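Notes for the one structure printed next.
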Amino acid sequence: AYAMEPLEIAPGRHIGEGLPCFIVAEIGQNHQGDIEIAKTLIRQAKECGADCVKIQKSCLSAKFTASALARPYDSEHSFGETYGEHKANLEFSPDEVKVLQEYATEIGLPLTASAMDISTCYLRMCDIAWVSEMYRDLSNHAPATPIVLLQCTSAYPTPSAHVHLRVMDTYAQMFPHAHIGYSGHELGIHISVAAVLERHLTLNKGWKGSDHACSLEPHEFRQLVNAIRNVESALGSPLKAMQPSEDVCYRKLGKSVVTARDLSAGEELHEDDLVAKVCEPPGLPAQVLYTLVGRRLKRNISSNIPLSEDDLLT
Numbered sequence: 001a002y003a004m005e006p007l008e009i010a011p012g013r014h015i016g017e018g019l020p021c022f023i024v025a026e027i028g029q030n031h032q033g034d035i036e037i038a039k040t041l042i043r044q045a046k047e048c049g050a051d052c053v054k055i056q057k058s059c060l061s062a063k064f065t066a067s068a069l070a071r072p073y074d075s076e077h078s079f080g081e082t083y084g085e086h087k088a089n090l091e092f093s094p095d096e097v098k099v100l101q102e103y104a105t106e107i108g109l110p111l112t113a114s115a116m117d118i119s120t121c122y123l124r125m126c127d128i129a130w131v132s133e134m135y136r137d138l139s140n141h142a143p144a145t146p147i148v149l150l151q152c153t154s155a156y157p158t159p160s161a162h163v164h165l166r167v168m169d170t171y172a173q174m175f176p177h178a179h180i181g182y183s184g185h186e187l188g189i190h191i192s193v194a195a196v197l198e199r200h201l202t203l204n205k206g207w208k209g210s211d212h213a214c215s216l217e218p219h220e221f222r223q224l225v226n227a228i229r230n231v232e233s234a235l236g237s238p239l240k241a242m243q244p245s246e247d248v249c250y251r252k253l254g255k256s257v258v259t260a261r262d263l264s265a266g267e268e269l270h271e272d273d274l275v276a277k278v279c280e281p282p283g284l285p286a287q288v289l290y291t292l293v294g295r296r297l298k299r300n301i302s303s304n305i306p307l308s309e310d311d312l313l314t
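First residue of the sequence shown: 1, per full-length UniProt numbering; consecutive thereafter.
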């Protein structure tokens with residue numbers, strides 16, 4: 001985290017300048033929809049030394065349109081014939097989330113959750129340690145409560161050149177109220193633990209001399225050099241921009257502007273007439289939602305339909 005007042009992110013655990021890195025073990029959907037696997041992952045996170053474990057919770061109808069859920073999903077990673085079936089099979093019920101929360105508490109590991117929709121409200125009622133929200137769905141107003149803003153490239157895995165660690169410096173300047181961190185999807189650990197600046201080199205760690213035992217042999221030093229080069233590449237640009245490797249994720253999960261109710265031709269759009277959802281086919285991108293307020297419709301449009309420029313009067 002960057003220089004600012006320390007933040008108690010979990011009971012008795014603070015983050016801030018000079019404090020240890022707060023390590024979150026993201027389970028995501030690696031539990032395969034099996035609560036026992038999820039419990040095992042939580043226990044492994046504890047045994048590996050993680051400071052916190054994180055799950056995901058979504059309300060599918062609030063996040064996706066019906067057509068987006070009905071689209072075929074024939075990926076080798078699919079848990080259902082349609083994308084909706086796939087997501088539903090990986091979604092824990094509120095009761096199951098409570099079981100996981102109680103288990104994490106029992107073994108002494110804070111559990112948190114990421115939510116991209118109205119599930120946030122439910123999670124806060126569950127006494128979850130803290131809730132990770134997708135800030136692309138929130139306003140730009142300074143929050144009333146402390147936040148941690150993570151630089152993240154949504155590509156799985158992320159090429160080193162698309163990591164752009166320098167964006168964290170930009171975030172620190174733009175959002176002085178926030179603690180800044182990193183959420184990584186790159187292969188390996190090199191970028192996430194990029195603190196090595198110098199190491200000794202030896203041909204044999206068993207040779208006599210006090211430095212040999214703590215030195216690197218050639219094959220290890222080569223790995224170190226490659227890791228440093230990856231970090232140099234990963235520093236990238238301080239400008240936050242969508243990367244080519246994110247296109248697959250954006251096309252699958254990028255949100256569009258959708259009607260929140262039935263609307264009539266000639267009607268002037270208000271903020272509560274519009275929501276952002278994943279659509280199939282996509283409509284106008286969610287980031288233009290607020291620019292549409294005040295514009296009028298060319299035709300009648302039913303609720304839950306993505307808007308296109310052709311639907312709007314100039």
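Note that CB positions come from ideal geometry on N, CA and C, so glycine has one too.
The structure presented is a predicted model; accordingly, all values stated were derived computationally and were not measured.
Residues sharing a beta bridge with residue i, DSSP
i	result
His-179	Val-148
His-14	Glu-8
Ser-256	Lys-277, Pro-285
Lys-57	Ala-115
Pro-159	In DSSP, Pro-159 forms no bridge with anything.
Pro-306	Val-258
Thr-82	Pro-72
Leu-312	Leu-297
Leu-263	Ile-301
Helix, strand or coil at residue i [DSSP, three-state]
i	result
Ala-3	Its pLDDT being 47, under 50, Ala-3 is placed unreliably by the model, and nothing is read from it.
Cys-52	strand
Glu-91	coil
Arg-43	helix
Ile-189	Because Ile-189 carries a pLDDT of 49, less than 50, the predicted location of this residue cannot be relied on, and the following value inherits that uncertainty. Ile-189: coil per DSSP, three-state reduction.
Thr-153	coil
Glu-268	strand
Leu-292	helix
Thr-105	helix
Leu-100	helix
Leu-19	coil
Leu-235	helix
Cβ pair residue i, residue j closer than 8 Å
i	j	result
Ile-55	Val-148	no
Thr-170	Val-163	no
Leu-60	Ala-38	no
Ser-303	Arg-261	yes
Ala-265	Asn-300	yes
Lys-57	Val-24	no
Val-278	Thr-65	yes
Leu-235	Leu-269	no
His-86	Phe-79	yes
Leu-274	Leu-289	yes
Residue i - containing alpha helix (DSSP H), residue span
i	result
Val-167	167 to 174
Ala-66	66 to 70
Terminal residues of the beta strand (DSSP E) in which residue i lies
i	result
Ile-27	24 to 28
8 Å Cβ cutoff, residue i in contact with chain B
i	result
Ala-260	Given the protein chain composition of this structure (a single chain), no chain B is represented.
Hey, is the stretch 43 to 50 in contact with the stretch 69 to 87, meaning 3+ C-beta pairs nearer than 8 Å? no
Counting beta carbon pairs with one atom in the stretch 165 to 180 and one in the stretch 246 to 261, are three or more of them shorter than 8 Å? no
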